[in-house]
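To start, the structure under review is shown below, and the notes come after it.
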Amino acid sequence: MLRLTATVLDTPDPPALARFYRHLLGFETVSEDPDWVVLRGSEGQGLSFQRESRYARPAWPAAQGEQQVQDHLDIAVDDLEAAVAHAVSGGAEVEEFQPQEAVRVLRDPHGHLFCLYLPD
């Protein structure tokens, strides 16, 4: 049996980034130490954070010779404006380039991209 349990984000400071996502998503801490933090949502979703001292923020939109985006989180919301305000209050940054009307591209405090979107 195979079972996906979490997405893992590299970061120079796992506890700090985990605090942002606890604020953003309301997840609970399952385990935490300076190099590794595990969060879980009420429906079993998981996010983990591992220390990577050489982490580099990806370029958005993509740029030749820059660190490329390898993945991002998609987060469904009921109210896009309120969700963006909530994310920004926790330390997120709204990206200048926004490719879709019902989606907002943001960065967490360590530079990972994530999208807040209104589902169909």
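Our numbering puts the first residue of the sequence shown at 418, with every later residue one more than the last. The beta carbon of each residue, even a glycine, is placed where N, CA and C say it ideally should be.
Item: In three-state terms, what does DSSP make of Leu497?; Value: helix
Item: Helix, strand or coil, according to DSSP, for Phe437 in the structure here?; Value: helix
Item: Once DSSP output is grouped into helix, strand and coil, what is the label at Ser459?; Value: coil
Item: Less than 8 Å between the C-beta atoms of Val486 and Leu530, yes or no?; Value: yes
Item: Nearest to Ser448 by alpha carbon, out of Leu442, Trp477, Arg457 and His440?; Value: Arg457
Item: Quickly, what does DSSP pair Ser465 with across the bridge? List them, please.; Value: Val425 and Val455
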